[in-house]
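The next block holds one structure in the form of structure tokens; read it before the comments.
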DNA sequence: CTTACGATGTATGCAGCGTTCACATTAAGG
DNA sequence: CCTTAATGTGAACGCTGCATACATCGTAAG
């Protein structure tokens, strides 16, 4: 099944479309991600992808979901289970670096109106949300997990987007990393004050 | 000049296109923002807008720039020159509310690859950047203004985006406002620790 | 072995989009 | 009044997403 001769049936068009979409995304940005271009790259007729994706949005959602999974892996690789502020900052740096290394993908993941139709996409996003929550819970058992998770995720996410939009200095990766570390440390020098936050 | 009969020359097509674009954005989201739709709404031929905007991106940039100016005014209206954490939190709440009230516009402003070609757009963004810096400088004279500005803007910006993408609870405006206030206060209970941040 | 069937890919066609170009109309100034 | 530059029009090109009807193939029952 996985072996495709290449005559009429492709073999695994679904995966091939995803691959092609990722490539187009990196090459031409999200503007170049068209179903027809994907089909061309996969060496298949323009309408063939519709057998595997209901419409363009479905393909985009699949790409986004894959991006979420990769992001989770990327963060986990930065540090499996951070507890100290330094370790947490390392994960934050990884988050921003992920965004800057795959800007188009990151935009597809977050900057587009996310329809709650795609189960795959929703699952992937809640997974990363849980991941952040888990980290905060482990690192700051006394704090209001919910509020603190929101705060730290928002901070890191905002840093990623502002860098992506050129609103902050992105001259070198080191500069970026320092900005992120500074911001995260600013947050966690006052964990004791948080537990009183509203639910 | 401003009075247009309506015969052949429109009178102020440039402004009319902007208005139409804003309306389409609110009605159909950014997907519905097409040059042809703008032209139709302005009661003009499909190619007429090209006399005033080089291409679609130029129109979008103009819309974004207008959004930036409105955002600045919106924040200033929340509090002219905040100094206490509470006042600053009020501005932050306004920022997020702006995003949630005009989601499509906010996405156009930030979620799209911002080409540095549009002078108007760059000017508007640096203006708001300076605005944030000014607030931080006034509220926390002893801190590292640059780092702290980055941190607070990123936090608020991230909150806005996560809310926009449905990653946080947006059931009621009050819930949102509380989340924002909590996050901002978490930041500013530890201002004394910040001055040692790198430049 | 044959045959029918479901899954997969193709061909065609429609409407909408951004953009270009040649042309029409008009307001403004010498 | 007549020229000129600015502004709006119309047709046309290639691209897009998408729906529909058709072709091809693996497979499994008879």
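Chains as they are written, first to last, in UniProt numbering: chain A, 1 to 199; chain B, 1 to 199.
All residues carry an ideal CB built from backbone N, CA and C; glycine is no exception.
Every value quoted in this text rests on a predicted model; they were computed, and no experiment measured them.
Consider the Cβ of residue i: report whether some Cβ of chain B lies at a distance smaller than 7 Å.
{"i": "residue 115 (chain A)", "result": "no"}
{"i": "residue 66 (chain A)", "result": "no"}
{"i": "residue 140 (chain A)", "result": "no"}
{"i": "residue 83 (chain A)", "result": "no"}
{"i": "residue 182 (chain A)", "result": "yes"}
{"i": "residue 186 (chain A)", "result": "yes"}
{"i": "residue 179 (chain A)", "result": "yes"}
{"i": "residue 194 (chain A)", "result": "Low confidence applies to residue 194 (chain A): its pLDDT is 44, below 50, so where it sits in the model is not reliable, and the reading given next is rough at best. Yes, contact with chain B."}
{"i": "residue 5 (chain A)", "result": "With a pLDDT of only 45 at residue 5 (chain A), under the threshold of 50, the placement of this residue in the model should not be trusted; the figure read from the coordinates follows. So, not an interface residue."}
In chain A, which residues lie with their C-beta within 9 Å of the C-beta of residue i?
{"i": "residue 156 (chain B)", "result": "154 and 158"}
Using a cut-off of 9 Å between C-beta atoms, extract the partners of residue i located in chain B.
{"i": "residue 161 (chain A)", "result": "110, 111, 154, 157, 158 and 161"}
Report yes or no: is there a C-beta of chain A within less than 7 Å of the C-beta of residue i?
{"i": "residue 145 (chain B)", "result": "no"}
{"i": "residue 197 (chain B)", "result": "With a pLDDT of 43 at residue 197 (chain B), under the threshold of 50, the modelled position of that residue is not reliable, and no figure is offered here."}
{"i": "residue 2 (chain B)", "result": "Low local confidence applies: a pLDDT of 36 at residue 2 (chain B) is under 50, so the model's placement there is unreliable, with the coordinate-based value given in what follows. No - not a single Cβ of chain A is within 7 Å of the one on residue 2 (chain B)."}
{"i": "residue 9 (chain B)", "result": "no"}
Listing by chain order, which chain B residues have their CB less than 7 Å from the CB of residue i?
{"i": "residue 168 (chain A)", "result": "150"}
{"i": "residue 165 (chain A)", "result": "110 and 114"}
{"i": "residue 129 (chain A)", "result": "167"}
Since residue i and residue j are thought to touch, with beta carbons under 8 Å apart, how far apart are those beta carbons, to the nearest angstrom?
{"i": "residue 46 (chain A)", "j": "residue 39 (chain A)", "result": "5 Å"}
{"i": "residue 99 (chain A)", "j": "residue 163 (chain A)", "result": "7 Å"}
{"i": "residue 132 (chain A)", "j": "residue 152 (chain A)", "result": "7 Å"}
{"i": "residue 41 (chain B)", "j": "residue 24 (chain B)", "result": "7 Å"}
{"i": "residue 72 (chain B)", "j": "residue 107 (chain A)", "result": "About 24 Å; that fails the 8 Å criterion."}
{"i": "residue 69 (chain A)", "j": "residue 124 (chain A)", "result": "6 Å"}
{"i": "residue 104 (chain A)", "j": "residue 34 (chain A)", "result": "In fact, because the Cβ distance is near 14 Å, the residues do not count as touching under 8 Å."}
{"i": "residue 129 (chain B)", "j": "residue 167 (chain A)", "result": "6 Å"}
{"i": "residue 26 (chain B)", "j": "residue 65 (chain B)", "result": "With 8 Å as the limit, residue 26 (chain B) and residue 65 (chain B) do not qualify as a contact, their Cβ atoms being about 17 Å apart."}
{"i": "residue 165 (chain B)", "j": "residue 114 (chain A)", "result": "5 Å"}
Output, in chain order, the set of chain A residues within a Cβ distance shorter than 7 Å of residue i.
{"i": "residue 172 (chain B)", "result": "Within 7 Å Cβ-Cβ: nothing; residue 172 (chain B) doesn't reach chain A, min ~13 Å."}
{"i": "residue 107 (chain B)", "result": "111"}
{"i": "residue 125 (chain B)", "result": "167"}
For residue i, which residues in chain B fall below 8 Å Cβ to Cβ?
{"i": "residue 45 (chain A)", "result": "Residues of chain B passing the Cβ test: none, with the nearest at roughly 26 Å."}
Worksheet entry | Validate contact between the stretch 150–162 of chain A and the stretch 174–187 of chain A using beta carbons, cut 8 Å, 3 pairs | yes
Worksheet item: Within the chosen definition, does the stretch 142–150 of chain A reach the stretch 59–66 of chain A through at least 3 CB pairs nearer than 8 Å?
Response: no
Discussion item. Taking contact to mean 3 or more Cβ pairs, one atom from each stretch, closer than 8 Å, check whether the stretch 76–96 of chain B and the stretch 134–141 of chain B are in contact.
Written reply: yes
Worksheet entry | Proximal residues, the UniProt domain "HTH tetR-type" (11–71) of chain B versus chain A, C-beta separation under 7 Å | From the UniProt domain "HTH tetR-type" (11–71) of chain B, only 29 have a Cβ closer than 7 Å to chain A.
Worksheet item: Contact between the stretch 12–25 of chain A and the stretch 99–115 of chain B: three or more CB pairs below 8 Å?
Response: no
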